[in-house]
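Going down the list, the sequences are from chains B and E.
First residue of the first sequence? That's 1 in the UniProt record's numbering, and the numbers climb one at a time after it.
First residue of the second sequence? That's 1 in the UniProt record's numbering, and the numbers climb one at a time after it.
We put the CB at the ideal spot given by N, CA and C, even for glycine.
On a predicted model such as this, the values are computed, not experimentally measured, just so you know.
See structure below.
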Amino acid sequence: MELSRSWRVIGHLVLLTCCLAVAAPVAVVLATALKSPSEVFQPSLWPSAPTFDNFATLFGKARFADYLWNSVATTVLRVSGQLVIALLAAWAFARFAFRGRDTLFAMVLGAMMIPHLLTMIPVYILMARLGWFDTWAALIIPNLAMPFAVFLLRQHMLAFPRDLLDAAEMDGAGPWRALWRVVVPNLAPALSALTIILFVECWNEYFWPLLVTETEASRTLQMGLREFLESDGYSDFGAMMAGVALASVPAVALFLILQRRVMDTFVASGLKG
Amino acid sequence: MAGIALRNLTRRFGDSVAVDGLNLEIEDGEFVVLVGPSGCGKTTTLRMLAGLEPTSEGRVEIAGRDVTPLPARDRNLAMVFQSYALYPHMSVEENIGFALRLAGRSRAETAAAVAAAAGRLEIGHLLSRRPRELSGGQRQRVAVARCIVREPHAFLFDEPLSNLDARLRGSARVEISRLQAQLGMTTLYVTHDQVEAMTMAHRIVLMEGGRIRQQGAPMDLYERPADLFVAGFLGAPAMNLIPGVIEPGPRGPVFAAAGLSLPAPLGAPEGPATLGLRPEALSPGDPGPGEIALRGRVDHVERLGAETVVQLSVGEAGAISLTARLPGAAAPGRGAPMALRAPVSALHAFGADGRRVALGAEARELAPA
Chain B
1 MELSRSWRVI GHLVLLTCCL AVAAPVAVVL ATALKSPSEV FQPSLWPSAP
51 TFDNFATLFG KARFADYLWN SVATTVLRVS GQLVIALLAA WAFARFAFRG
101 RDTLFAMVLG AMMIPHLLTM IPVYILMARL GWFDTWAALI IPNLAMPFAV
151 FLLRQHMLAF PRDLLDAAEM DGAGPWRALW RVVVPNLAPA LSALTIILFV
201 ECWNEYFWPL LVTETEASRT LQMGLREFLE SDGYSDFGAM MAGVALASVP
251 AVALFLILQR RVMDTFVASG LKG
Chain E
1 MAGIALRNLT RRFGDSVAVD GLNLEIEDGE FVVLVGPSGC GKTTTLRMLA
51 GLEPTSEGRV EIAGRDVTPL PARDRNLAMV FQSYALYPHM SVEENIGFAL
101 RLAGRSRAET AAAVAAAAGR LEIGHLLSRR PRELSGGQRQ RVAVARCIVR
151 EPHAFLFDEP LSNLDARLRG SARVEISRLQ AQLGMTTLYV THDQVEAMTM
201 AHRIVLMEGG RIRQQGAPMD LYERPADLFV AGFLGAPAMN LIPGVIEPGP
251 RGPVFAAAGL SLPAPLGAPE GPATLGLRPE ALSPGDPGPG EIALRGRVDH
301 VERLGAETVV QLSVGEAGAI SLTARLPGAA APGRGAPMAL RAPVSALHAF
351 GADGRRVALG AEARELAPA
């Protein structure tokens, strides 16, 4: 149905407002990151003399590089681990008939329903007892098994064309090789979407690292940014915004890289006649 | 290539039996077509042979070896699927060579084998393409190339032509038959299309309800159907089947139905029976010696160019509907009366239990000179 001109104008105005609501804070962050300390609290959005001093401060005064390394390494390890574990668990649920399969899967679904905050304190105590406090292990290992990821991939695997699995088996592929050589390449859209979700969740995580990290050796980027709020009783908003801008780059980049693959549903288009 | 034997093969799904104690031997190099209506168990049989479906009972032997407990990947069989099942993320070359790479063949060896198979199927120029960039016919060729490159014990085809248009299907039939003959491939081909079965098979195995109804050379089944089901299934248009009764007459037994009285095939016992007559056995005109006469009114005419298919009502009050396949030049008008004749030797008779009891041709052989 074609909308009338007035409704289209209203629709565009609503969408424009939404876009501005999302874009305005981003613009403030970028502009503040480029302002000199004297200009940070000036009402004008754009700095009179843009400067990259704030970015220099990040790597100079603070241990931004260390935080960045901690964030990158723990995120890559955690997301990779989450993907591998979810893939294998989903494959087992989707491909094999074994005793207790449905009960186990019901437990996975049940785990999805439990709020993260409820398990946080017991896991925190466990970390302390294992001596993992203030280590990468505490940031990575408790979060490796993601029920949501298992559920999502299992559903995609159940919908996977049966003929392709049969063809792989006829070609001599066992379940292991069928998974890696046939299923995984064709689940790229689902895996890309999942990677974005898991990456953003891990990269932006604040509360759990706050609980289990203490020293700069294991502190992540999101934690490190806090330093600019408190050091010497003076909040360096310029440096903080520069940090926020840099911290956003990986998530935005990952989304831009994987977005096309998410859209690409080539399993179906490759089979239709 | 190797021979295949299915012994007492059974597949149950809960209470229902999809394949019921099937016994079938396929000779080395033979082209056997499993044909039957939907749900007759033909695809389940093929999948049990392939190892993609577990057997409830029975045994699968390939080259004299019991392979029933082996998974599909260890049976060395190749299969063309109805959907072709080409891997969408691989190029045509990778698709064809996938099994060889899995088997540990070197890249060079695989490339040479792929090139040879692609050359044979005339798809050498498509090797770098993805399946989604191919037409239906090209995909079908790639699927066949993927099979022949492996040099398996036998080839399995699961309705491979059903996604092609009619013209392409005709040429694909010829091509598969030629390839099968050239390579001497032991082949089990599943289809519901009787034209494919008739034109391609060395031997047709006609299934219904999980069992084999009849098997034999295509023309054997066509000319000597064992029962009403086979008679009705093979042939397009289908055989005319007229229910009636065989009773004694002044000059020997006659078949009577709705005011129709025809000489019964010799040897057919008296009692309820069904008379069968192929549409192409009917021709226009008055009967000569050894022929029966049928008079009726034309209900419907389908002109196909080379032939004309006519629906007629015959017998008392036009109670019996007959189909006649006449030469293309025959152009009866709708509603017009029409005289048809058919040789007595073309008549089939089936008893009350549906089994064939006599055939005109056989009767003639039996008749005293």
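Could you tell me the boundaries of the alpha helix (DSSP H) in which residue i lies?
{"i": "A108/E", "result": "R107 to R120"}
{"i": "E196/E", "result": "Q194 to M200"}
{"i": "T119/B", "result": "H116 to L130"}
{"i": "M219/E", "result": "P218 to E223"}
{"i": "R59/E", "result": "Run containing R59/E: none in the alpha helix (DSSP H); it sits in the beta strand (DSSP E), E57 to I62."}
{"i": "I10/B", "result": "R5 to A33"}
{"i": "L194/B", "result": "A188 to W203"}
{"i": "M112/B", "result": "R101 to M113"}
{"i": "L262/E", "result": "Careful: L262/E lies outside any alpha helix (DSSP H), inside the beta strand (DSSP E) at L260 to P263."}
{"i": "F133/B", "result": "Note, F133/B: premise wrong, no alpha helix (DSSP H); not H, not E."}
{"i": "I123/E", "result": "No alpha helix (DSSP H) contains I123/E, which DSSP labels as neither H nor E."}
Below 9 Å between beta carbons: does that hold for residue i and residue j?
{"i": "I96/E", "j": "R120/E", "result": "no"}
{"i": "T323/E", "j": "A238/E", "result": "yes"}
{"i": "G276/E", "j": "I246/E", "result": "no"}
{"i": "R211/E", "j": "A226/E", "result": "no"}
{"i": "A306/E", "j": "S313/E", "result": "no"}
{"i": "R146/E", "j": "V80/E", "result": "yes"}
{"i": "G209/E", "j": "C40/E", "result": "yes"}
{"i": "L225/B", "j": "V244/B", "result": "yes"}
{"i": "P265/E", "j": "R341/E", "result": "no"}
{"i": "A72/E", "j": "D166/B", "result": "yes"}
{"i": "R224/E", "j": "P279/E", "result": "no"}
{"i": "V72/B", "j": "W132/B", "result": "no"}
{"i": "V84/B", "j": "T195/B", "result": "no"}
{"i": "S36/B", "j": "P43/B", "result": "no"}
{"i": "A268/E", "j": "P253/E", "result": "yes"}
{"i": "N23/E", "j": "L6/E", "result": "yes"}
State the DSSP-derived secondary structure class of residue i, mapped to helix, strand or coil.
{"i": "Y189/E", "result": "strand"}
{"i": "V357/E", "result": "strand"}
{"i": "residue 370/E", "result": "No statement about residue 370/E is possible, as the shown extent of chain E runs from 1 to 369 and does not include it."}
{"i": "F157/E", "result": "strand"}
{"i": "V80/E", "result": "strand"}
{"i": "A273/E", "result": "strand"}
{"i": "P368/E", "result": "Residue placement at P368/E cannot be trusted, given a pLDDT of 40 that sits under 50; the coordinates are not used to answer."}
{"i": "L87/B", "result": "helix"}
{"i": "D28/E", "result": "coil"}
{"i": "V40/B", "result": "coil"}
{"i": "R63/B", "result": "coil"}
{"i": "I4/E", "result": "strand"}
{"i": "I212/E", "result": "strand"}
{"i": "L77/B", "result": "helix"}
{"i": "I96/E", "result": "helix"}
{"i": "L152/B", "result": "helix"}
{"i": "A257/E", "result": "strand"}
{"i": "D165/E", "result": "coil"}
{"i": "S218/B", "result": "coil"}
To which residues does DSSP link residue i through a beta bridge?
{"i": "V310/E", "result": "V301/E and A324/E"}
{"i": "F96/B", "result": "Answer is none; F96/B lacks a bridge partner."}
{"i": "S283/E", "result": "R341/E"}
{"i": "L9/E", "result": "L22/E"}
{"i": "I292/E", "result": "A342/E"}
{"i": "V149/E", "result": "V149/E is not bridged to any residue."}
{"i": "L206/E", "result": "V35/E and Q214/E"}
Mind listing the chain B neighbours of residue i? Cutoff is C-beta to C-beta under 8 Å, in chain order.
{"i": "A72/E", "result": "D166, E169 and M170"}
{"i": "L52/E", "result": "D166, E169 and M170"}
{"i": "P225/E", "result": "Simply none; closest approach about 34 Å."}
{"i": "L77/E", "result": "M170"}
Would you say residue i faces chain A, with C-beta separation under 9 Å as the test?
{"i": "P185/B", "result": "Judged by its chain identifiers, the structure shown contains no chain A, and its protein chains are B and E."}
Would you mind reading off the limits of the beta strand (DSSP E) that contains residue i?
{"i": "G244/E", "result": "N240 to E247"}
{"i": "L34/E", "result": "F31 to V35"}
{"i": "L165/B", "result": "Where L165/B is concerned, there is no enclosing beta strand (DSSP E), although the alpha helix (DSSP H) it sits in stretches over R162 to M170."}
List, in chain order, every chain E residue whose beta-carbon is nearer than 7 Å to that of residue i.
{"i": "D163/B", "result": "F81, S83 and A85"}
{"i": "R177/B", "result": "L102"}
{"i": "G174/B", "result": "R73"}
{"i": "V182/B", "result": "Y87"}
List, in order along the chain, the chain B residues whose C-beta lies closer than 7 Å to that of residue i?
{"i": "F98/E", "result": "D171"}
So which residues on chain B does residue i lean against when the C-beta distance must stay under 9 Å?
{"i": "L126/E", "result": "Neighbours of L126/E on chain B: none; closest Cβ ~14 Å, over 9 Å."}
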